[in-house]
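Numbering (the numbering used here), first residue to last: 332 to 407.
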């Protein structure tokens with residue numbers, strides 16, 4: 332995680348709470364800031380990026396950190 336990037340660890344959370352918590356975190360950020368989200372709920376891997384983009388956010392990166400754990404890098 333780079334300096335200025337916020338981390339939101341949502342491992343153990345499921346949809347739609349993953350989106351709700353991500354949206355709340357993004358709303359607290361300035362436009363252009365980056366949020367790194369950790370998830371382990373596979374359906375969120377599809378739903379979360381789509382929902383963020385619908386809210387005018389940007390998905391910068393999606394990567395699998397370990398088996399069943401993904402990192403999404405989002406920009407407000």
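Cβ atoms here follow ideal geometry from the backbone N, Cα and C, with glycine treated the same way.
So residue i and residue j are supposed to be a Cβ contact under 8 angstroms. How far apart are they, rounded?
i           : j           : result
residue 360 : residue 398 : With 8 angstroms as the limit, residue 360 and residue 398 do not qualify as a contact, their Cβ atoms being about 30 angstroms apart.
What did DSSP end up calling residue i once you bin it into helix, strand or coil?
i           : result
residue 358 : helix
residue 381 : helix
residue 376 : helix
residue 366 : strand
Rounded to whole angstroms, what is the Cα-Cα separation between residue i and residue j?
i           : j           : result
residue 350 : residue 378 : 8 angstroms
residue 368 : residue 386 : 16 angstroms
residue 339 : residue 356 : 8 angstroms
residue 403 : residue 346 : 15 angstroms
residue 370 : residue 392 : 13 angstroms
Beta-carbon separation of residue i and residue j under 7 angstroms?
i           : j           : result
residue 341 : residue 405 : no
residue 380 : residue 390 : yes
How should residue i be labelled, buried or exposed, when 16 other C-beta atoms within 10 angstroms of its C-beta is the threshold for buried?
i           : result
residue 383 : buried
residue 353 : buried
residue 358 : exposed
residue 344 : buried
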